[in-house]
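*Asks:*
2 protein chains.
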Amino acid sequence: MAYQVLTDSDVLRLTRMKPVIEAIERVFREQANATLVSPPRFQLETENGNLVFTAGAATETEKVIGFRVYDTYSNDHSGHEQLVSVFDSVTGVFKGVIIGNLLGALRTGAIGGAAINAMSRSDAEQLAIIGTGIQARTQLEAAIAIRDIKRVMVYSRNDNNRKKFAEEMSEKLDMDVISMDSPQKCVEKADIIICATNSRSPVIDADWLKPGVHINTVGPKSMNGHELPIEVAGKSSVITTDSLEQLRAYSTPHFLTNTPYEQNIVQLSDIITGKTLGRTSISDVTLFCSVGLSGTEVVVAHEIMKMA
Amino acid sequence: MAYQVLTDSDVLRLTRMKPVIEAIERVFREQANATLVSPPRFQLETENGNLVFTAGAATETEKVIGFRVYDTYSNDHSGHEQLVSVFDSVTGVFKGVIIGNLLGALRTGAIGGAAINAMSRSDAEQLAIIGTGIQARTQLEAAIAIRDIKRVMVYSRNDNNRKKFAEEMSEKLDMDVISMDSPQKCVEKADIIICATNSRSPVIDADWLKPGVHINTVGPKSMNGHELPIEVAGKSSVITTDSLEQLRAYSTPHFLTNTPYEQNIVQLSDIITGKTLGRTSISDVTLFCSVGLSGTEVVVAHEIMKMA
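Protein chains in written order, with the numbering used here: chain P, 593 to 900; chain E, 593 to 900.
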């Protein structure tokens with residue numbers, strides 16, 4: 593067989609973050625050129641739970657078509673797996689499938705890396721992370737692949753989680769990741785802040801932000817619950833998202849809906865392709881609202897298959 | 593990992609047709625009980641070709657949810673593969689995936705077997721097949737798993753194909769499969785006729801039919817092209833399909849649309865569950881129009897996984 597069947601252990605072993613971020617940047621160029629096909633998600637609904645399909649194709653440079661499927665059953669059973677399948681978009685030939693749960697977070701991390709590359713100060717050295725889950729880990733890995741980060745600080749309400757995160761990521765990344773005991777101390781000196789929590793109330797205060805900081809928000813960002821205060825948007829010169837269409841299609845509206853900042857949100861791809869200006873000064877505050885552009889999973893899976 | 597990844601060679605090695613047909617019969621009971629969820633197919637469309645998703649869940653006896661995906665790219669490249677993925681419909685846990693092209697025809701064969709079981713004479717001994725492709729092969733395997741067939745006759749316009757089919761299937765099934773040099777000679781003594789051709793014009797004549805015969809039509813059956821003449825429907829006391837909804841959703845209308853026979857078509861599941869009478873005499877002619885009920889692929893894949 594000419595196709596590949598990979599699992600989480602392969603993904604861990606094979607993945608290098610830099611080429612994955614570069615692939616994501618190429619997808620953003622495809623999005624801007626309208627060669628990215630990403631229809632709304634499709635759901636198979638039953639009483640107990642659903643299967644959700646996000647399908648997509650990047651037909652110009654990446655030449656892949658495929659889909660991710662995951663379940664919405666909420667239970668603690670082991671054995672929940674996502675599948676990401678990749679086909680050649682020119683011939684239709686099957687290239688492979690990745691079975692596991694790492695790819696989704698890896699993809700979101702790489703999108704965060706592309707945002708940091710396009711929006712943060714190029715001399716950013718201090719990075720703060722709020723949150724200690726899988727999303728926080730991949731965001732951090734992406735950030736250090738993009739900027740020459742000298743110091744990483746992490747905060748979580750849970751003391752054990754932040755200590756464990758600091759310990760594990762220090763070893764994994766071979767750099768000092770420091771556990772902080774207050775969110776303010778964590779973020780006030782940061783050039784880049786990554787919020788990757790499950791919190792439905794703001795975890796930082798807009799007054800704590802250093803001029804020039806860039807922020808990625810990966811966690812909740814709906815009207816009914818958001819990890820960032822609306823005032824952060826007020827301080828931001830540039831606000832982006834990876835998909836305005838998906839952001840507007842949220843079942844609960846985005847937290848900036850009906851605020852003065854709603855109309856300021858532009859697509860990250862417009863900055864990457866130079867259609868819109870990004871940061872214009874070293875003291876600009878910039879904000880990226882991550883929604884997880886459909887079709888990116890397929891490209892990331894393909895990139896990992898190429899590393900195999 | 594607790595899930596299975598199977599390919600065509602596993603399917604060939606593992607599959608026993610009888611339990612697969614029984615699984616299909618249970619799906620028909622689920623269809624009648626409305627515990628089968630089978631939404632319309634979903635397509636990801638691009639300029640070069642599409643991915644087609646048929647998703648479904650059989651939640652009562654089978655307890656599976658999943659989907660089949662295949663591509664519509666028309667080229668001769670090797671490496672086109674279908675995927676059928678199976679999840680537990682109670683927990684959402686992933687059970688496995690079958691990658692290959694055999695499962696689709698196997699599923700259609702088993703549906704044909706269920707139709708033969710519900711509709712053909714129980715003393716059927718003579719079986720005729722028009723067509724020599726993969727669909728003809730699985731239909732034949734299903735038929736002999738269901739009825740005590742003594743004699744199999746095959747016809748195809750292509751002399752080589754029918755000789756090769758007769759030779760290969762004689763060996764595979766350890767019974768005489770006889771190549772016939774005319775379609776009339778092939779079908780006129782048959783108790784069961786399977787039409788599994790690509791022909792868009794009728795391959796048999798209604799006058800050739802023996803009283804009591806049952807017919808499965810697996811090939812083209814649209815208004816613009818059909819392998820059976822409309823007169824066969826006129827001779828039939830019972831006409832069934834595996835899904836009236838799918839039959840009515842064909843992009844080109846079914847060949848019996850706007851004929852006096854359109855209103856006579858009932859769902860096979862109604863006969864299997866006794867809701868509607870099937871054959872009422874040994875001389876009834878009966879007809880099954882196979883459309884490929886969505887959701888059945890997932891159940892067949894699960895059944896094969898159970899055999900592993």
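From the three backbone atoms N, C-alpha and C, an ideal C-beta is built for every residue, glycine too. Bear in mind the structure is a predicted one, so any value in this text is a computation, not a measurement.
(1) Tell me, please, whether the CB atom of E:Leu643 is closer than 8 Å to any CB atom in chain P?
(2) Is the CB-CB distance between P:Phe757 and P:Ala728 below 8 Å?
(3) Exposed or buried, which one is P:Thr664 when buried takes at least 16 other CB atoms within 10 Å?
(4) So, is the C-beta of E:Ser681 closer than 8 Å to a C-beta in chain P?
(5) For the stretch 652-665 of chain E, which residues have a CB atom closer than 8 Å to at least one CB atom of chain P, in sequence order?
(6) Taking just the CA atoms, how far does P:Arg840 sit from P:Ala852?
(7) Given a cut-off of 8 Å, decide if E:Phe679 and P:Leu643 are closer than it, judged by their beta-carbon atoms.
(8) Identify whether P:Phe645 lies in helix, strand or coil by the three-state DSSP scheme.
(9) Just to confirm, does P:Leu694 get its C-beta within under 7 Å of one of the non-hydrogen atoms of the ligand FMN?
(10) Quick one: grab the DSSP three-state call for E:Val810.
(11) Between the Cα of P:Pro821 and those of P:His672, P:Asp799, P:Asn709 and P:Thr607, spot the shortest distance and give me the residue it belongs to.
(12) Quick one: give me the first and last residue of the alpha helix (DSSP H) that P:Ile896 is part of.
(13) With a 10 Å radius around its C-beta and 16 neighbouring C-beta atoms as the bar for buried, classify P:Glu733 as buried or exposed.
(14) Please confirm if E:His669 has its CB atom under 8 Å from at least one CB of chain P.
(15) With a cut-off of 8 Å on the beta carbons, I'd call E:Asn983 and E:Cys787 a contact; round off their distance for me.
(16) Please check the pair P:Ile785 and P:Val746, which I expect to be a contact at CB under 8 Å, by giving their CB distance rounded to whole angstroms.
(17) Below 8 Å on the Cβ atoms is my guess for P:Asp783 versus P:Ala716; work out the distance and round it to an integer in Å.
(18) Measuring only the C-alpha atoms, how far is E:Gly704 from P:Ala893?
(19) Using the C-alpha atoms, what's the distance from P:Glu673 back to P:Ile690?
(20) Looking at the strands, I want to know which residues DSSP matches up with E:Glu637.
(21) Near P:Ile863, which residues of its chain fall below 8 Å by C-beta distance, leaving aside the five closest residues on each side in sequence?
(22) For P:Glu837 and chain E, any beta-carbon pair shorter than 8 Å?
(23) Please go through the same chain and pick out, in chain order, the residues whose beta-carbon is closer than 8 Å to the beta-carbon of E:Ile613, but skip the five residues on each side of it.
(24) Cβ atoms of P:Gln838 and P:Val883: under 8 Å apart, would you say?
(25) Distance check for P:Ser861 and P:Ile796, CA to CA, integer angstroms please.
(26) Any idea what DSSP makes of E:Lys777, helix, strand or coil?
(27) Using the rule of at least 16 other Cβ atoms within 10 Å of the residue's Cβ for burial, across every protein chain shown, is P:His818 buried or exposed?
(28) Whose CA, out of E:Arg660, E:His846, E:Glu622 and E:Gln776, lies closest to the CA of P:Leu636?
(29) P:Lys777: which of P:Ile896, P:Leu719, P:Lys655 and P:Ala594 sits nearest, CA to CA?
(30) Under DSSP, the alpha helix (DSSP H) around E:Ser861 begins and ends at which residues?
(31) Closest to P:Ala626 by CA distance: which of P:Ile896, P:Gly887, P:Leu695 and P:Ala900 is it?
(32) Taking 8 Å as the threshold (beta carbon to beta carbon), is E:Val689 in contact with chain P?
(33) Using a cut-off of 8 Å between C-beta atoms, extract the partners of E:Val629 located in chain P.
(34) Using a cut-off of 7 Å between C-beta atoms, extract the partners of P:Ala649 located in chain E.
(35) Chain P beta carbons: is any one of them nearer than 8 Å to that of E:Ser677?
(36) Below 8 Å on the Cβ atoms is my guess for P:Leu598 versus P:Ala900; work out the distance and round it to an integer in Å.
*Replies:* If we stick to the structure as given:
(1) Residue mapping note: residue 643 of chain E aligns to position 51 of the second sequence, counting from 1. It does: the Cβ of E:Leu643 has a partner Cβ on chain P nearer than 8 Å.
(2) Numbered from 1 along the first sequence, position 165 holds the residue referred to as residue 757 of chain P. Numbered from 1 along the first sequence, position 136 holds the residue referred to as residue 728 of chain P. Yes, these two residues count as a Cβ contact at 8 Å.
(3) As a first step, residue 664 of chain P must be located in the first sequence, where it is residue number 72. Classification of P:Thr664: exposed, given that the 10 Å Cβ count is below 16.
(4) Walking along the second sequence from the start, residue 681 of chain E turns up at place 89. Chain P contact via Cβ: present.
(5) In summary, the residues of the stretch 652-665 of chain E whose CB is separated from some CB of chain P by less than 8 Å are Ile657, Gly658, Phe659, Val661, Asp663, Thr664 and Tyr665, in the order they occur in the chain.
(6) Against the first sequence, residue 852 of chain P aligns to sequence position 260. Against the first sequence, residue 840 of chain P aligns to sequence position 248. Looking at the sequence provided, one finds Pro at residue 852 of chain P rather than Ala. If I take the Cα positions, the gap works out to 16 Å.
(7) Position 51 of the first sequence, counted from the start, is the residue given in the question as residue 643 of chain P. Position 87 of the second sequence, counted from the start, is the residue given in the question as residue 679 of chain E. The answer is yes: Cβ separation under 8 Å.
(8) Position 53 of the first sequence, counted from the first residue, corresponds to residue 645 of chain P. Here P:Phe645 sits in strand by DSSP.
(9) You won't find the ligand FMN in this model; it holds no ligand whatsoever.
(10) As a working note, residue 810 of chain E is residue 218 in the second sequence. Coil, per DSSP.
(11) Taking the first sequence and counting its residues from 1, the one referred to as residue 821 of chain P is at position 229. The shortest C-alpha separation from P:Pro821 is found at P:Asp799.
(12) One-based indexing of the first sequence puts residue 896 of chain P at position 304. Counting along the chain, P:Ile896 sits inside the alpha helix (DSSP H) bounded by residues Thr888 to Met899.
(13) If you number the first sequence from 1, residue 733 of chain P lands on position 141. Buried: at least 16 other Cβ atoms inside 10 Å.
(14) The residue you call residue 669 of chain E lines up with position 77 of the second sequence. For E:His669, the answer is yes, since a Cβ of chain P falls inside 8 Å of its Cβ.
(15) The requested residue 983 of chain E is not part of the displayed model; chain E covers only 593 to 900.
(16) On the first sequence, residue 785 of chain P is found 193 positions in, with the first residue counted as 1. On the first sequence, residue 746 of chain P is found 154 positions in, with the first residue counted as 1. Wrong, their Cβ atoms sit about 11 Å apart, outside the cutoff.
(17) The count along the first sequence starts at 1 and reaches residue 783 of chain P at position 191. The count along the first sequence starts at 1 and reaches residue 716 of chain P at position 124. Correct: roughly 4 Å between the Cβ atoms.
(18) Against the second sequence, residue 704 of chain E aligns to sequence position 112. Against the first sequence, residue 893 of chain P aligns to sequence position 301. Roughly 38 Å separates the two Cα atoms.
(19) Taking the first residue of the first sequence as position 1, residue 690 of chain P is located at position 98. Taking the first residue of the first sequence as position 1, residue 673 of chain P is located at position 81. So the two alpha carbons sit approximately 10 Å from each other.
(20) Within the second sequence, the letter at position 45 stands for residue 637 of chain E. DSSP output for E:Glu637 lists E:Asn642 as bridge partner(s).
(21) Reading the first sequence from its first residue, position 271 is the one you call residue 863 of chain P. Closer than 8 Å at the Cβ level, and outside the excluded window around P:Ile863, lie Ala710, Met711, Val830, Thr832, Leu869 and Gly870.
(22) Counted from its first residue, the first sequence places residue 837 of chain P at position 245. Output row for P:Glu837: interface = no.
(23) Taking the first residue of the second sequence as position 1, residue 613 of chain E is located at position 21. Once the five neighbours on either side are set aside, the close Cβ partners of E:Ile613 are Ala702, Gly705, Ala706, Asn709, Ala734, Ala737 and Ile738.
(24) In the first sequence, the residue the question calls residue 883 of chain P occupies position 291. In the first sequence, the residue the question calls residue 838 of chain P occupies position 246. Yes, they are a contact pair.
(25) Translated into the one-based positions of the first sequence, residue 796 of chain P becomes position 204. Translated into the one-based positions of the first sequence, residue 861 of chain P becomes position 269. Taking the straight line joining both Cα atoms gives about 27 Å.
(26) Counting from one through the second sequence, the residue named residue 777 of chain E turns up at place 185. In the structure shown, E:Lys777 sits in a helix (DSSP, three-state: H, G or I).
(27) Position 226 of the first sequence, counted from the start, is the residue given in the question as residue 818 of chain P. Counting every other CB atom within 10 Å of its CB across the protein chains shown gives P:His818 a total of 16 or more, marking it as buried.
(28) Numbered from 1 along the first sequence, position 44 holds the residue referred to as residue 636 of chain P. P:Leu636 has its Cα closest to that of E:Arg660, out of E:Arg660, E:His846, E:Glu622 and E:Gln776.
(29) Residue mapping note: residue 777 of chain P aligns to position 185 of the first sequence, counting from 1. Minimum Cα distance to P:Lys777 is reached at P:Leu719.
(30) Taking the first residue of the second sequence as 1, we reach residue 861 of chain E at position 269. Taken as a continuous stretch (DSSP letters only), the alpha helix (DSSP H) holding E:Ser861 covers Leu860 to Ile864.
(31) Residue mapping note: residue 626 of chain P aligns to position 34 of the first sequence, counting from 1. If we check each option's Cα against that of P:Ala626, P:Gly887 comes out closest.
(32) The residue you call residue 689 of chain E lines up with position 97 of the second sequence. Yes, E:Val689 lies at the interface with chain P (some Cβ there is under 8 Å from its Cβ).
(33) Here residue 629 of chain E is taken as the residue at index 37 of the second sequence, counted from 1. Those within 8 Å of E:Val629 in chain P are Leu636, Glu637 and Thr638.
(34) In the first sequence, the residue the question calls residue 649 of chain P occupies position 57. Going along chain E in sequence order, the residues near P:Ala649 (Cβ under 7 Å) are Leu636 and Thr638.
(35) In the second sequence, counting from the first residue as 1, residue 677 of chain E sits at position 85. When Cβ-Cβ separations below 8 Å define contact, E:Ser677 makes contact with chain P.
(36) The residue given as residue 598 of chain P occupies position 6 in the first sequence. The residue given as residue 900 of chain P occupies position 308 in the first sequence. 7 Å between Cβ atoms; contact.
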